[in-house]
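Residue numbers (full-length UniProt numbering): 1 to 146. Here a beta-carbon is modelled for each residue, glycine too, at the ideal position from N, C-alpha and C. This structure is a prediction, so every number in the text was calculated from the model and none was measured.
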């Protein structure tokens, strides 16, 4: 799961998907395309909306996306167009590129919709992205663990 700073959308998506899949069968992680928040906890509003939905993401820490993530993961879900472009720039080949997907394409196939960045908004933005990510993660989980 990849967003810009790895404190709002991607840690929330990580926590949601982890809650829907068996822990011993899948490795789920998140990262940011920038290094602004490396080592930081998720935004308090992401933690709050997760907690409201019976998830605890408070122990997650921000990290930057690296080329080795292409080797570590089968799918790389990005939150928006900017994240997509930044991740693709690090791709070494077509195989790497094929792993990168817009997360909302799991709900709206081939439409490349963005998950809006709620950072500069209020709590409502975090509620909205939780709903979007939860629906996308439901669909991912159904594919991976039918």
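To which residues of the same chain is residue i closer than 7 Å at the C-beta, ignoring the five residues directly before and after it?
i, result
"residue 75", "99, 101"
"residue 87", "2, 33, 65, 76, 78, 100"
Under a three-way DSSP split, which group does residue i fall into?
i, result
"residue 141", "helix"
"residue 76", "strand"
"residue 100", "strand"
"residue 89", "helix"
Name the residue from the options whose alpha carbon lies nearest to the alpha carbon of residue i.
i, options, result
"residue 110", "28, 81, 144", "81"
"residue 84", "115, 57, 108", "115"
"residue 91", "108, 73, 104, 103", "73"
"residue 137", "49, 46, 89, 28", "28"
"residue 35", "71, 95, 4", "4"
Residue i bridges to which residues according to DSSP?
i, result
"residue 2", "31, 78"
"residue 64", "32"
Residues in its own chain within less than 6 Å of residue i by CB, not counting five upstream and five downstream?
i, result
"residue 43", "7, 8"
Pull up the CB-CB distance for residue i and residue j, whole angstroms please, since I reckon it's below 8 Å.
i, j, result
"residue 60", "residue 14", "7 Å"
"residue 58", "residue 41", "6 Å"
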